[in-house]
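Structure record follows, encoded as structure tokens.
Residue numbers (my numbering), protein chains in the order written: chain A, 270 to 613; chain R, 7 to 354.
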């Protein structure tokens, strides 16, 4: 396990984001101005990085560059792409983290390639059989000292068929992450099922429920249903990668549909437009609360090193925040917290 | 310096010209409150930019150089500033301060903020008395017009700027006629030579380095004085052990560490400065017995950090192209930072 470092270096996979390398470089530059204890290691095409960096405000004492001439595109198949491109930015960045050149990795590129690169270069924490891809979702409630409006859902795609043992590990990992990042001392952890009763759901969920109920040091609140996700009933929602991914896509779809309906309403009738105008401050507040750029990114949990997956559409602010989240996870020794949680 | 040298000093081989605020001293005068605080600070309360005093002391080590300070601070602060320099062990040969009270009494309000009409005549007049062969290195910051003024100064004495351009610049810079006359008079007395080797711009405001690209590779924006020391090592002004002494002071007094120093080294490499030989010299100096280095980290760590930053870059890019500086297109840089005509967009 990595010890608590005085200065934290975050490796940024500069290539592969939807907005191109300049936006990731801008995010890292912003971080170099805002956080004196964080250093950025930019991994990607060096001439491109140099050009982007030269034209923006940054602190050169806190930024270094590692050239990687290749990258994995968003639409490429992760396994094939990594095999063909061993020197791609995400692979090189993961390798540098594994070698101790940086403490954590942030990437806004191809998620599959990021997870695979981590699998190849990082070690799983003892007691964890499968890594989990987490995501944050805005809810009605707030949690922790930071009044965090986001709840954590895991897994959303890394482990399609999770066993009861995996689900237990996911619960411990999610709880440790919420405790550290949201400063939520006793995050409420729940299992996603088709009913709140302990016996509801497939055998692995029932078994996981039994085991989680017996665990000390974990604030397990039982099962929740899909409806509870946006309500924010639990701070950490545990499920397998298949169900989690379906849920996530559905929630994104609902969000997009609501937005489209609002646009339709705005165009359709003057009365509706007036109504929306009256609600504008509320809508703005809602936008603030649900602004995922504030959060930065979502973690891949289970490895001995930190990987924060920033959204492909991340702008500089989101990238900088992802760097801060990664640094916070490193500084608070997330890996050790997970390991300790699993031992209880 | 030996006693005979002190009585009858040899002509300087090198002249180092320094600005003071934000270049040597960490000064904040963004607000009126900061301005007052700075004005009433005692010498021991003033803080030097990390590494600056060590660099000046090491540059003076050979005994054949001259330190000329031209600062925009008012003359009334002379006693405090001199005391601060003495506290830091810095010895100077010339120390020019701005006559702000005189400017105010004479109603020369433009001269209060303007830098071209103050610094350009002052450094040209200083050069009049310098030996033709004495080379120069200048230190300024990104708060005002230092890169512009120093480059113009260098190109004026090298004969690369004509009278027409100079007049345009003086006019655009809001220079009063008597100061403009001083510029012309001093300029005519200086024999044509090309003595300015480097112009270092301390990035106090973290202005993007590309902002200084139009001035060519002679102007080197620096985030800290370790970077200046590295370039001066490559240029033959400092030895590797001297650079290490500066680095050690920065580590001991300003919280620098092996990461910030190695990142600073790589930053210069990425900007195309040819520092490979300097890196080798530094590595060799570190391998010898050097008690000073104990203040940093085990030597293998330092060497590894520098080697990694070097290796991480792949092929070194070609050094930046030497080009003529187009002062007319950069005229806005001659204006005070708060002037509405000032642009700070990076130039290509």
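Cβ atoms here follow ideal geometry from the backbone N, Cα and C, with glycine treated the same way.
Which residues does DSSP pair with residue i in a beta bridge?
| i | result |
| --- | --- |
| residue 422 of chain A | A:404, A:506 |
| residue 309 of chain A | A:279, A:332 |
| residue 144 of chain R | R:23, R:205 |
| residue 226 of chain R | R:206 |
| residue 118 of chain R | Beta-bridge pairing links residue 118 of chain R to no other residue. |
| residue 566 of chain A | A:579 |
| residue 74 of chain R | R:23, R:100 |
| residue 458 of chain A | A:489, A:505 |
| residue 412 of chain A | A:417 |
Look at the alpha carbon of residue i and the alpha carbon of residue j, and state the distance between them as a whole number of angstroms.
| i | j | result |
| --- | --- | --- |
| residue 123 of chain R | residue 258 of chain R | 39 Å |
| residue 595 of chain A | residue 130 of chain R | 53 Å |
| residue 355 of chain A | residue 382 of chain A | 11 Å |
| residue 286 of chain A | residue 449 of chain A | 27 Å |
| residue 539 of chain A | residue 550 of chain A | 18 Å |
| residue 239 of chain R | residue 394 of chain A | 47 Å |
| residue 262 of chain A | residue 281 of chain A | The structure shown does not extend to residue 262 of chain A, since chain A is modelled only from 270 through 613, so no value can be given for it. |
| residue 20 of chain R | residue 205 of chain R | 14 Å |
| residue 277 of chain A | residue 365 of chain A | 14 Å |
| residue 60 of chain R | residue 283 of chain A | 37 Å |
| residue 329 of chain R | residue 202 of chain R | 15 Å |
| residue 340 of chain R | residue 333 of chain R | 9 Å |
| residue 81 of chain R | residue 567 of chain A | 57 Å |
| residue 379 of chain A | residue 58 of chain R | 46 Å |
| residue 507 of chain A | residue 546 of chain A | 38 Å |
| residue 580 of chain A | residue 611 of chain A | 29 Å |
| residue 362 of chain A | residue 494 of chain A | 38 Å |
| residue 228 of chain R | residue 42 of chain R | 28 Å |
| residue 308 of chain A | residue 288 of chain R | 24 Å |
| residue 323 of chain R | residue 253 of chain R | 26 Å |
| residue 440 of chain A | residue 418 of chain A | 19 Å |
| residue 353 of chain R | residue 295 of chain A | Because residue 353 of chain R carries a pLDDT of 45, less than 50, the predicted location of this residue cannot be relied on, and no value is offered for it. |
| residue 463 of chain A | residue 517 of chain A | 16 Å |
| residue 161 of chain R | residue 288 of chain A | 42 Å |
| residue 614 of chain A | residue 321 of chain A | Absent from the structure is residue 614 of chain A, since the part of chain A shown begins at 270 and ends at 613. |
| residue 604 of chain A | residue 408 of chain A | 27 Å |
| residue 309 of chain R | residue 264 of chain R | 10 Å |
| residue 544 of chain A | residue 522 of chain A | 24 Å |
| residue 40 of chain R | residue 33 of chain R | 9 Å |
Anything in chain A within Cβ reach of residue i, meaning under 8 Å, just list it in chain order.
| i | result |
| --- | --- |
| residue 272 of chain R | 333, 334 |
| residue 240 of chain R | What residue 240 of chain R touches in chain A: nothing, since even the nearest Cβ is about 17 Å away. |
| residue 320 of chain R | 315, 336, 338 |
Taking C-beta pairs closer than 7 Å, name the residues in chain A that residue i reaches, listed in chain order.
| i | result |
| --- | --- |
| residue 229 of chain R | 328, 329, 330 |
| residue 207 of chain R | The premise fails here: residue 207 of chain R is roughly 13 Å from chain A at the closest Cβ pair, so nothing lies under 7 Å. |
| residue 315 of chain R | 333 |
On a CA-only basis, which of the options is nearest residue i? Give me that one, please.
| i | options | result |
| --- | --- | --- |
| residue 120 of chain R | R:197, R:29, R:181 | R:181 |
| residue 84 of chain R | R:49, R:69, R:336 | R:49 |
| residue 608 of chain A | A:443, A:278, A:421 | A:443 |
| residue 104 of chain R | R:176, R:127, R:219 | R:127 |
| residue 247 of chain R | R:220, R:179, R:293, R:192 | R:293 |
| residue 318 of chain A | A:414, A:501, A:298, A:464 | A:298 |
| residue 212 of chain R | R:275, R:28, R:16 | R:28 |
| residue 31 of chain R | R:45, R:38, R:18 | R:45 |
| residue 438 of chain A | A:402, A:416, A:414, A:415 | A:402 |
| residue 197 of chain R | R:221, R:227, R:280, R:166 | R:166 |
| residue 125 of chain R | R:77, R:199, R:230, R:343 | R:77 |
| residue 275 of chain A | R:269, R:233, R:261, R:312 | R:261 |
| residue 511 of chain A | A:427, A:345, A:499, A:504 | A:427 |
| residue 505 of chain A | A:413, A:605, A:525 | A:413 |
| residue 276 of chain R | R:176, R:38, R:226, R:139 | R:226 |
Please compile the residues from chain R whose C-beta is within a distance smaller than 7 Å of the C-beta of residue i.
| i | result |
| --- | --- |
| residue 540 of chain A | Correct list: empty, because the minimum Cβ distance to chain R is about 46 Å. |
| residue 524 of chain A | What residue 524 of chain A touches in chain R: nothing, since even the nearest Cβ is about 37 Å away. |
| residue 276 of chain A | 263, 265 |
Taking Cβ-Cβ distances shorter than 8 Å, what residues in chain R pair up with residue i?
| i | result |
| --- | --- |
| residue 319 of chain A | 276, 277, 323 |
| residue 302 of chain A | 212 |
Along chain R, which residues have their Cβ under 9 Å away from the Cβ of residue i?
| i | result |
| --- | --- |
| residue 390 of chain A | Ordered by position in chain R, no residue passes the 9 Å Cβ test against residue 390 of chain A, which lies about 17 Å from the chain. |
| residue 308 of chain A | 265, 266, 269 |
The stretch 566-581 of chain A touching the stretch 382-399 of chain A, judged by at least three CB pairs closer than 8 Å: yes
Stretch-stretch touch, CB-based, cutoff 8 Å, three pairs: the stretch 83-92 of chain R with the stretch 149-160 of chain R: no
Inspect the CB distances between the stretch 595-604 of chain A and the stretch 104-116 of chain R and report whether three or more fall short of 8 Å. no
Between the stretch 467-481 of chain A and the stretch 432-443 of chain A, do at least 3 Cβ pairs fall closer than 8 Å? yes
Cβ contact (3+ pairs, closer than 8 Å) linking the stretch 366-376 of chain A and the stretch 337-346 of chain A: no
Is the stretch 326-337 of chain A touching the stretch 316-326 of chain R in the sense that three or more CB pairs, one from each, lie closer than 8 Å? yes
Three or more beta-carbon pairs under 8 Å between the stretch 94-104 of chain R and the stretch 63-78 of chain R, yes or no? yes
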